[in-house]
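Scroll down for the structure; my scribbles are underneath it.
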Amino acid sequence: MDMHAFHKLTYGLYIISTASQGQYSGCVVNTLVQVTASPIQVSVAINKDNYTEQMIEKAGVFSAAALTQDAGMDLIGEFGFKSSRETDKFASFAYEKEANGIPYVTEHVAAQLSCRVVNKMDVGSHVLFIAEVTDAQVLSEGELLTYGYYQTVKKGGTPKNASSYQAEPAPAAQGQTGYRCSVCGYILESDTIPEGFRCPICGQGPDKLVKLSD
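Written out as structure tokens, the structure is:
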């Protein structure tokens, strides 16, 4: 099977967030899809190992925020490559709460949806949630961030818990030297690793760096 065929599928990038018992959680997904118009329902698949999935199971509600192309890798790295179990992902970003008390990031977001889970399905590594949209708002007219743009322009990697994760990393550009983070795919364009290095995307140390072939 040619796994590159799956790179031809189009996705957007979204932050799915929720709250339960005073705790906030959020993660980046590329699996949010509108499935019906009346009632307005969406589906989203989230890995069972994600803290956000477990929080949605408890809360029964979540927010979906559609990211724009100008979203920084610091935002994507925080919500895409770190765990809400150990990190307050909202601490470094502007956010508000929707009617259900769910926090959502307000910058670099085109639209926000408030969702109430009405059904779910175990699909192996992930849980597929079906949710009715109870409210929606447009936050900006920025260009939407697609998964393709994230990979080809921002040179972003894919978390292991993502539905579209592939073990084989994207090849480095011709002649590119340096080190690649084995966790998130970030490329350090340097002949040496700086003292005290931490990946700016996922926060991992130098032990996760792999030298690119010359």
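All the letters of the sequence shown, read from the start, carry residue numbers 3 to 216 under my numbering. Even for Gly, the Cβ is constructed at its ideal location relative to N, Cα and C.
Under the three-state reduction of DSSP, Ile78 is assigned to helix. Close CB contacts of Gly62 within its chain, under the 8 Å cut and outside five residues either way in sequence, are with Arg118 and Val119 (chain order).
The beta carbons of Glu134 and Ile42 sit about 7 Å from each other, so the pair counts as a contact at 8 Å. Rounded to whole angstroms, Tyr151 and His110 show a C-alpha spacing of 15 Å. Considering only Cys183, Met3, Ala113 and Gln153, the residue with the shortest C-alpha distance to Asp137 is Ala113. Here DSSP, grouped into helix, strand and coil, assigns Glu134 to strand. Taking the C-beta atoms as reference points, Thr33 is found no nearer than 8 Å to Ile104. Here Arg182 is near Val212, since their CB atoms are less than 8 Å apart. Within the segment 4 to 37, the beta strand (DSSP E) runs of at least 3 residues that lie entirely inside it are, in chain order, 16 to 22 and 25 to 31. Sixteen is the threshold: when 16 or more other Cβ atoms of the shown chains lie within 10 Å of the Cβ of Leu190, as they do, the residue is buried.
Taking a 10 Å sphere around the C-beta of Leu11, we find fewer than 16 other C-beta atoms and assign the residue as exposed. Residue Tyr188 holds the alpha-carbon nearest to the alpha-carbon of Gly82 among Ile195, Tyr188 and Asp124.
Bounds of any beta strand (DSSP E) do not take in Tyr188, whose DSSP letter is neither H nor E. Contact between Val129 and Lys60 is ruled out by a C-beta separation of about 13 Å, above the 8 Å threshold.
Beta bridge pairing from DSSP links Asp124 with Val129. Spanning the alpha carbons of Phe95 and Ser65 requires a straight line of approximately 16 Å.
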